[in-house]
Amino acid sequence: MVRNVITIILVISIAASITGCSATRHAADTQAGLQGNRLTVGQVQKEIRKGMSGAEVAAALGSPNIVTTDEQGREVWIYDKISTDRVVSESSGYGTLILFGYRGSSGSSSTSQQTLTIIVKYDNERKVRDYAYHTSRF
């Protein structure tokens, strides 16, 4: 009987451990995927050149958020990206003195946002004629 209880506790502990590890792994994989898709000013400066085709721009930056035309009917692609970073720090403690206990906790958090807007203007032959970008962090 005691052996069965120990076996059950051991199986439950291993299952909980595996589940916790897989959840952590999933969160890490998701975060890595998001980081890989992050558009940067450096990427724009390195990849985009006048005379590129729309297919080359899409391969370098991905699909634009907005596709519109200017006053002469030429295509304009707009990439408008916003990222939010949040850092949370917490600490807690618990102590006892025979019959009385004390629990305390403290923490802090900070949030910052960054925006990146990229405007790619095409000529009549659908080649990049001009591009501009603006970034801000607050």
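Everything in the sequence shown is counted per this note's numbering, starting at 109 for the first residue and increasing by one. Just so you know, even glycine gets a beta-carbon here, dropped at the ideal spot from N, CA and C. Remember, it's a predicted structure, so these values are computed and weren't measured experimentally.
Check: Residue interval of the alpha helix (DSSP H) (run including residue 169); Outcome: 162–169
Check: For residue 141, three-class secondary structure by DSSP; Outcome: At residue 141 the pLDDT is 43, less than 50, meaning the model places this residue with poor confidence and gives no usable figure here.
Check: As assigned by DSSP and simplified to three states, the class of residue 148; Outcome: coil
Check: Backbone secondary structure at residue 233 - three-state DSSP; Outcome: coil
Check: Straight-line gap, residue 220 to residue 189 (C-alpha atoms, nearest Å); Outcome: 14 Å
Check: Boundaries of the beta strand (DSSP E) in which residue 156 is found, first to last residue; Outcome: Element bounds for residue 156: n/a, residue is neither H nor E.
Check: Cβ-based neighbour list, residue 143, same chain, cut-off 7 Å, excluding 5 preceding and 5 following; Outcome: Summary for residue 143: the model assigns pLDDT 47, below 50, so the residue's position carries little reliability; its value from the coordinates is reported in the next sentence. Cβ within range, chain order: n/a, list empty.
Check: Alpha carbon of residue 52 to alpha carbon of residue 169, nearest angstrom; Outcome: An answer regarding residue 52 cannot be provided, because it is not within the stretch 109 to 246 covered by the chain.
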